[in-house]
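I have placed the structure first, in the form of structure tokens, so that the comments after it can refer back to it.
Structural data, given as structure tokens:
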């Protein structure tokens with residue numbers, strides 16, 4: 001069964017796409033943000049223990065060791081990064097959604113390990129992206145969204161509150177003041193092309209995660225995609241190889257013959 005694609009019927013734009021009239025709520029933005037900060041601090045401990053299954057190549061880079069239920073993350077613009085973050089929850093049986101990304105390729109997503117039977121696509125939400133995202137947050141575990149028109153801080157705070165209430169996880173391309181962490185591709189290099197022939201087969205990237213919990217960003221090197229596994233961590237393999245070489249050197253120089261000589 002292919003991914004489920006949804007379309008959105010455009011309606012006259014409203015000031016507050018999550019609900020209510022935006023004009024009457026502009027004055028409440030500061031209050032909403034203050035309440036959101038208080039709720040976030042009160043629920044911090046509980047959220048720490050509610051982690052979604054996250055691909056092992058990415059889990060240790062994220063705060064708390066994985067994607068948290070009810071949390072919001074911001075991403076740099078990259079379909080591959082979005083797919084990598086959806087792969088773990090999807091493989092574990094979670095329903096995922098992708099909003100506002102018409103270039104999101106289902107063949108590439110399947111190669112990354114995403115189950116298309118539990119994938120909902122809304123490629124063209126138009127100005128209703130916030131309404132659509134809020135609606136499907138009631139049913140889906142993880143939602144990746146590329147915002148259309150800008151939304152007010154109050155509307156974003158409401159969406160974050162709804163995601164937290166429903167226990168969904170939101171991945172937003174671009175800035176979001178409610179984000180738990182920012183996940184970015186900071187270096188990228190493709191391989192596979194020969195001298196004027198061949199095709200791109202692998203992409204080596206560095207993923208950096210900056211969190212409000214930790215002053216020091218975490219980075220890791222991955223193949224994204226990897227020609228065989230879809231996603232593969234590289235720096236762990238390098239560390240393991242260095243450890244093996246160190247152990248072999250230690251073994252050689254700790255033998256009786258070496259000590260006697």
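Numbering (the numbering used here), first residue to last: 1 to 261. A virtual CB, placed ideally from N, CA and C, is assigned to each residue, including glycine. What you are looking at is a predicted structure, and each value in this text was computed from that prediction instead of being measured.
query                                                                                                                                                                      : result
Within 10 angstroms of its Cβ, does residue 188 collect 16 or more other Cβ (buried), or is it exposed?                                                                    : exposed
Would you mind working out which of 233, 75 and 178 sits nearest residue 156, comparing C-alpha positions?                                                                 : 178
For residue 29, collect the residues of the same chain with a Cβ closer than 8 Å to its Cβ; drop the 5 residues on either side in sequence, then sort them by chain order. : Low per-residue confidence applies at residue 29: pLDDT is 49, beneath 50, and the placement is therefore not dependable enough to give any value.
How long is the line joining the alpha carbons of residue 54 and residue 226, rounded to whole angstroms?                                                                  : 17 Å
Taking C-beta to C-beta, are residue 134 and residue 162 nearer than 8 Å?                                                                                                  : yes
Would you kindly work out how many angstroms separate the C-alpha atoms of residue 112 and residue 88, rounded to a whole number?                                          : 10 Å
Please go through the segment 35-116 and give each complete alpha helix (DSSP H) segment of 4 or more residues, from N-terminal end onward.                                : 56-59, 79-91 and 106-111
Does the distance from the CB of residue 94 to the CB of residue 52 come in under 8 Å?                                                                                     : yes
Would you list, in sequence order, the uninterrupted beta strand (DSSP E) runs of no fewer than 3 residues that lie entirely inside the segment 132-204?                   : 142-145, 169-173 and 181-193
Of all the options 78, 228, 109 and 50, which has the alpha carbon lying nearest to the alpha carbon of residue 66?                                                        : 50
Buried or exposed for residue 244, please, with buried defined as at least 16 other CB atoms from any protein chain shown within 10 angstroms of its CB.                   : Note that residue 244 scores 46 on pLDDT, short of 50, meaning its location in the model is unreliable and no value can be drawn from it.
What is the rounded straight-line gap between the Cα of residue 217 and the Cα of residue 230?                                                                             : 25 Å
What does the Cβ neighbour count give for residue 86, buried or exposed, with the cut at 16 atoms within 10 Å?                                                             : buried
What residues in its chain sit with their C-beta under 8 Å from that of residue 118, if we drop five residues either side in the sequence?                                 : 90, 93, 94, 95 and 96
For residue 110 and residue 116, what's the separation of their Cα atoms in angstroms?                                                                                     : 7 Å
Looking only at DSSP bridge pairs, what is residue 211 linked to?                                                                                                          : 181
Flag this pair as yes or no: are the beta carbons of residue 122 and residue 99 separated by less than 8 Å?                                                                : yes
Per DSSP, residue 119 is paired with what?                                                                                                                                 : 96
Buried or exposed for residue 69, please, with buried defined as at least 16 other CB atoms from any protein chain shown within 10 angstroms of its CB.                    : buried
Could you compute how far the alpha carbon of residue 73 sits from the alpha carbon of residue 170?                                                                        : 6 Å
For residue 203, which option in 214, 61, 215 and 221 has the closest C-alpha, if you only look at C-alpha atoms?                                                          : 221
Short check: CB of residue 78 to CB of residue 185, under 8 Å?                                                                                                             : yes
So what does residue 221 bridge to, in DSSP terms?                                                                                                                         : 206
Please state the DSSP three-state secondary structure of residue 234.                                                                                                      : coil
Using only the alpha-carbon positions, how far apart do residue 190 and residue 224 sit?                                                                                   : 9 Å
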